[in-house]
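Participant: Chains as they are written, first to last, in the numbering used here: chain V, 20 to 318; chain G, 2 to 282; chain W, 7 to 293.
We put the CB at the ideal spot given by N, CA and C, even for glycine.
Here you go, one structure.
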């Protein structure tokens, strides 16, 4: 593991560009930093590239992505210059993923217990007792009654909300430096979503884990994050403190996303679609950025 | 989008004590019948004509099942389902067929609700043909234009369209028959925020222009608030709250409605949102 | 919106090459041979000439012009016999595979769509039928019905329909749960009409893939039956009987065995991969 000078940031992404084999870019010069213990929301509509950033950091991009440029530093370690094996090792030790779909993220033919303890023993080198104790502790922490019974159950015997809580427990168990939460509440009921968001917030404060929280819901952004990065077509449109973005959004697209989010407030304005002119303008900017990129001869 | 009504409009649907249960095959003992799970536990409500009624609840509340009974994709076990005064609950397929023209539906998943092997115009035109209401390519294009899609979409296949466009084709298919009632089952749940807003305002405009009665199923209270005139809140197969939207949202009677409302994360800075204690499920 | 199947065109082309164009080429070749056999076969496949026995193929010493792949121990031209053998191979496989395909798919569609007792009856039937060892069954059937092409076709058709029934039943069950089927019901379609106009087009790619596979299997079964002399009884050449005869001559006239074997292998391989290739070619575009 190569360490450069000690960095203040847990995660540093510098000019990340990801392209398909034909050259079409999915991420366009994305840069962001994550402070220790901070929650940063990555927000945008589908296709904006928000999931891609998390996957690039964790090294789980789809195979068809051929070209990656830019730097990713995890606690100062340059991930992009490591050998694949070293990189996998580093990422596994320092980070974790809370996926979107609790149904497919758990192995249906294995019991819950081993699915939590295996990474602890294999990757982090814990003893079996320690891993078991930690698993029980966290299952309790995520409000799962009868943790022992759950550890001996199979995923299909549990509800969706429970499975998501198990995945959260598993992610936080080794107290990782970074967690990528990839739309973890999108498939959940609104009351369950609130419980899950509360859990993530509490646990990350306890363990000091920084969280990259991917979502398309501006409401969730307002509640869970301290910083937010707004994305469109793989480009960073706005990057600021959450409070700033909601009290004084700089970019019209951010304002449009907020205005398009329905709220139950009876007296509020009806929500509005993002103006077509704005989208056209953003697409134009994207094309211009691509032309510039091509000109620099980086192809 | 909301219409404050003065004299109450007549009820297009009159439902009394509707019950439905399913056999729980997962817990079927080796010998003997599977235990029954009650999904709808005696629902009674009216759906006013010409208005948009929201049906909201969390997963497992029975809202989708209820919707499917309204359009008779499912049959009720007991209770009365009066459509325009006629009990459609017990009718067989042959008797239902002439009525189906007035009971249309728009589905949640735009990918699976359009036959991937049929072109768009055929998808829209086919039901029209069956009911002898034209159903040629020109009629399909008219319907497409009503939902804001140009004629060039007529010859495309569903996989060539975006999610929002597919949903609009679904709407076109439903309105092409000029039905009296349309059930919209979570039709924007899978869409982006901007597509969502477009589809919803399209639906509201069409409903108003065509005098449609709409039942809008959703788990998203915010969407219901903006689209619907009245709302019915379901929980575990029972109605826990119903009434005009403003009433139910400003003065929720049931604890369920209150917890649903308070759980919604609004796009604004508000630390007090975290304060209420919701018990873990 | 653009369809997403064109991300890496070069890669897809190579895959399609092997799974679509090469098999199509070979089968086209074989089909042309079968159709135009009298025109393209250099010699009469039945003509025996003991003066020309066991001549090697053209690339070896001692070959005779006009006998490209050599001759067998009765002086008959191997290439011409392979060309005429293609007729029987393709004829049998086409008729047998289509018959069994239609019958099996129909049962699978009915079982998958209507469910209930129709499904139970058909599924039990499939289970029982599949319990018979297929080749043994074929041999028995032909022994009972007498040799001849009709028996061979009937034997294949009677045995292999279960393959179709099982797979198509499963596919039908998946499609029957799709919203577009409910949508057709809402649109006033009758049950049977829905099966044909909505579900069948979506199940067709699987039927075609299985059909191709089945044609390959039919060729093999015919070859096995003619190998054991249970196929046609006349002198007409079949690849299986050529292989049987070639066994005896393998040490001094290996070409008599090898070339029909290659023809058989290539044909069956082409059918098998063509099934997958066709399905892949048409399906991803529509998914």
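(1) Which residues mark the beginning and the end of the beta strand (DSSP E) in which residue 48 of chain V is found?
(2) For residue 38 of chain V and residue 237 of chain V, what's the separation of their Cα atoms in angstroms?
(3) Distance cutoff 9 Å, beta carbons only. Does residue 235 of chain V sit that close to anything in chain G?
(4) So, is residue 220 of chain G buried or exposed, given that buried needs 16 or more other C-beta atoms within 10 angstroms?
(5) Taking C-beta pairs closer than 7 Å, name the residues in chain V that residue 60 of chain G reaches, listed in chain order.
(6) Output needed in chain order: residues of the region 184-197 of chain G with a Cβ under 7 Å from some Cβ in chain V.
(7) Is the beta carbon of residue 230 of chain W within less than 8 Å of some heavy atom of the ligand NAP?
(8) If you check the beta carbons only, do residue 63 of chain G and residue 171 of chain G fall under 9 Å apart?
(9) Quick check on the DSSP output: what are the complete alpha helix (DSSP H) runs of length 4 or more inside the region 127-192 of chain W, in order along the chain?
(10) Using 9 Å as the limit for Cβ to Cβ distance, is residue 21 of chain G near chain W?
(11) Enumerate in chain order the residues of its own chain whose CB-to-CB distance from residue 94 of chain V is below 7 Å, with the five nearest sequence positions on each side excluded.
(12) Quick one: using the 10 Å Cβ neighbour count with 16 as the cut-off for buried, is residue 47 of chain V buried or exposed?
(13) Could you name the residues of the region 179-190 of chain W whose beta carbon sits closer than 9 Å to any beta carbon of chain G, in the order they occur along the chain?
(14) Looking at the structure shown, is residue 34 of chain W part of a helix, part of a strand, or coil, going by DSSP?
(15) Cβ of residue 26 of chain G less than 9 Å from any chain W Cβ?
(16) Kindly indicate if chain A contains any beta-carbon less than 9 Å away from that of residue 197 of chain W.
(17) Can you tell me where the beta strand (DSSP E) holding residue 218 of chain G begins and where it ends?
(18) Find the nearest neighbour of residue 111 of chain G within the set G:186, G:126 and G:150, judged by alpha-carbon distance.
(19) Which of the three DSSP states is assigned to residue 219 of chain W in this structure?
(20) What are the residues that DSSP puts in a beta bridge with residue 120 of chain V?
(21) For residue 74 of chain V, report the span of its alpha helix (DSSP H) as first-last.
(22) 9 Å is my cut-off, CB to CB: does residue 153 of chain G come that close to chain V?
(23) Should residue 139 of chain V be flagged as near chain G, meaning a C-beta pair shorter than 9 Å?
(24) Should the region 74-91 of chain W be regarded as contacting the region 99-106 of chain W, the criterion being three or more beta carbon pairs within less than 8 Å?
(25) Residue 215 of chain V: which of V:168, V:118, V:248 and V:171 sits nearest, CA to CA?
(26) Mapping the DSSP letters down to three states, classify residue 250 of chain V as helix, strand or coil.
(27) Which residue spans inside the region 236-264 of chain W form an unbroken alpha helix (DSSP H) run of at least 4?
(28) Using the beta-carbon of each residue, which ones in chain G are nearer than 8 Å to residue 81 of chain W?
(29) Comparing C-alpha positions only, which one of V:157, V:315 and V:302 sits nearest to residue 184 of chain V?
(30) When DSSP builds the beta bridges, which residues end up paired with residue 42 of chain G?
(31) Can you pull out the residues from the region 152-175 of chain G whose beta carbon lies closer than 7 Å to at least one beta carbon of chain V?
(32) Please specify which runs of the beta strand (DSSP E), each continuous and at least 3 residues long, are wholly inside the region 164-203 of chain V, giving them in chain order.
(33) What are the partner residues of residue 66 of chain W, as DSSP defines its beta bridges?
(34) In three-state terms, what does DSSP make of residue 49 of chain W?
(35) By a C-beta neighbour count over all protein chains shown, 10 Å radius and 16 as the cutoff for buried, is residue 228 of chain W buried or exposed?
(36) How would you list, in chain order, the residues of chain G whose beta-carbon sits under 7 Å from the beta-carbon of residue 65 of chain V?
Facilitator: Well, looking at it:
(1) 44-53
(2) 27 Å
(3) So yes, residue 235 of chain V belongs to the interface.
(4) The residue in question, residue 220 of chain G, is buried, as its Cβ has 16 or more Cβ neighbours within 10 Å.
(5) 208
(6) For the region 184-197 of chain G, which is checked against every Cβ of chain V, the residues closer than 7 Å are 193, 194 and 195.
(7) This structure lacks the ligand NAP; in fact it carries no ligand of any kind.
(8) no
(9) 140-151, 155-182 and 185-192
(10) Closer than 9 Å: no.
(11) Same-chain partners within the cutoff: 26, 29, 113 and 196.
(12) Under a 10 Å Cβ-count criterion, residue 47 of chain V is classified as buried, with 16 or more other Cβ atoms of the shown protein chains found around its own Cβ.
(13) 183, 184, 185, 186, 187, 188, 189 and 190
(14) helix
(15) no
(16) Checking the listed chains, one finds no chain A in this structure; the protein chains it contains are V, G and W.
(17) Going by DSSP, residue 218 of chain G is part of the beta strand (DSSP E) stretching over 214-219.
(18) G:186
(19) helix
(20) In the DSSP output, where bridge partners are listed per residue, residue 120 of chain V has none listed.
(21) 69-77
(22) no
(23) Closer than 9 Å to the CB of residue 139 of chain V there is not a single CB belonging to chain G.
(24) no
(25) Measuring from the Cα of residue 215 of chain V, the nearest candidate turns out to be V:118.
(26) strand
(27) 245-254
(28) None at all; the shortest Cβ gap to chain G is about 55 Å.
(29) V:157
(30) Its beta-bridge partners are G:20.
(31) none
(32) The beta strand (DSSP E) runs lying completely inside the region 164-203 of chain V and spanning 3 residues or more are 197-201, given in chain order.
(33) Its beta-bridge partners do not exist; DSSP assigns none.
(34) Coil.
(35) Label assigned to residue 228 of chain W: buried.
(36) 193
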